[in-house]
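So the structure is just underneath, and the comments pick up after that.
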Amino acid sequence: MQMFPVIFVSLGPGEPELITVKGLKALQTADCIFCPETLAKDGNRVSRAADILLQLDIPENTVHRFPLPMSKQREKALSAYDEVYMESSTLRQQGKKVCIVAEGDAGFYSSIHYVYDKLQADGIPVKHIPGIPAFIAAGACAGLHIASQEERLTVIPGIITAEEIEKYMEEKTTIVIMKLSQCTEEIHRCIHLHPEYNYHYFENIGTEKEKYLHDTELISALSFPYFSLLIIRHSTF
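Here the sequence shown is numbered in this note's numbering, starting from 48 and rising by one per residue.
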């Protein structure tokens with residue numbers, strides 16, 4: 048019996064057409080696709096990844112949703128990933144073609160890589176199909192040339208202070224800050240201290256709720272959601 052590698056398919060930032068042809072082909076031939084979903088505040092289960100799969104006409108009977116708790120306490124999330132690891136390993140041994148999906152790129156600030164590492168550590172063949180990260184799609188949305196020639200680019204998670212942003216600006220590097228909901232107050236404080244920086248704010252890139260703002264007054268009045276990012280460029284760039 049032929050056994051296949053477990054394939055981690057990167058879906059891109061949200062717009063279905065931004066998936067790679069290679070990723071789409073893997074999904075179309077899969078017997079089972081593991082897809083995360085979360086519990087919304089209203090009690091409904093939501094999945095941006097499943098929405099992408101639906102718009103790509105992937106058969107629903109191949110999509111296996113699994114609950115992924117969104118909490119800084121990672122025990123429950125790791126437990127959910129352990130279940131995916133065990134089920135995907137079992138299905139593979141049965142000769143099934145298994146895919147595990149992630150928004151953006153599966154190897155870029157993606158917790159799904161925990162499953163990849165665990166499978167690989169057990170000697171189970173795995174494959175990672177890359178995707179477009181949200182900040183690249185955001186730059187295209189705004190018509191930004193994020194980095195050119197010898198300019199440096201720093202990508203950081205949303206755990207940063209206004210003083211740290213100042214340091215990066217002094218070093219003449221463009222900053223991409225992911226998941227702004229973790230540092231809302233510090234971003235607002237930075238805008239107040241340095242209105243001269245070029246701020247480009249994005250949320251829900253690649254979806255019908257996509258938003259792009261360049262006005263500092265509007266940005267400083269926002270409460271940032273989970274799916275948000277900020278690109279800050281020096282005023283001389």
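We put the CB at the ideal spot given by N, CA and C, even for glycine.
Just so you know, these numbers come straight off a predicted model, no measurement behind them.
Closest Cα partner of residue i within the set the options
| i | options | result |
| --- | --- | --- |
| residue 191 | 150, 212, 277 | 277 |
| residue 285 | 99, 66, 113 | This structure cannot speak to residue 285, because the chain is shown only from 48 to 284. |
| residue 250 | 186, 152, 92, 88 | 186 |
| residue 238 | 137, 73, 219, 213 | 213 |
| residue 109 | 102, 82, 128 | 82 |
| residue 115 | 160, 126, 100, 106 | 126 |
| residue 165 | 134, 194, 202 | 134 |
| residue 88 | 105, 67, 70, 117 | 117 |
| residue 221 | 100, 280, 240, 107 | 280 |
| residue 72 | 96, 197, 100, 61 | 100 |
| residue 62 | 271, 255, 104, 138 | 255 |
Beta-carbon proximity check, residue i vs residue j, cutoff 8 Å
| i | j | result |
| --- | --- | --- |
| residue 204 | residue 57 | no |
| residue 158 | residue 124 | yes |
| residue 74 | residue 253 | no |
| residue 336 | residue 153 | Residue 336 is absent from the model: the chain starts at 48 and stops at 284. |
| residue 228 | residue 275 | yes |
| residue 223 | residue 182 | yes |
Integer Cβ distance of residue i from residue j, believed to fall under 8 Å
| i | j | result |
| --- | --- | --- |
| residue 189 | residue 259 | 5 Å |
| residue 78 | residue 148 | Rounded, the Cβ-Cβ distance is 14 Å, inconsistent with contact. |
| residue 142 | residue 49 | 6 Å |
| residue 151 | residue 172 | Contact doesn't hold; Cβ gap of about 23 Å is too wide. |
| residue 194 | residue 60 | At roughly 18 Å, the Cβ-Cβ gap does not stay under 8 Å, so residue 194 and residue 60 are not in contact. |
| residue 161 | residue 226 | Their Cβ separation, rounded to whole angstroms, is 17 Å, which puts residue 161 and residue 226 out of contact at 8 Å. |
For residue i: DSSP bridge partner residues
| i | result |
| --- | --- |
| residue 275 | 250 |
| residue 159 | Answer by DSSP bridge pairing: none, since residue 159 is not bridged. |
| residue 110 | 80 |
| residue 151 | 59 |
Pick out the complete alpha helix (DSSP H) segments inside the segment 56 to 89, 4 residues or longer, and give them in chain order.
Annotation note: the segment 56 to 89 contains the following uninterrupted alpha helix (DSSP H) runs of length 4 or greater, listed N- to C-terminal: 68 to 75.
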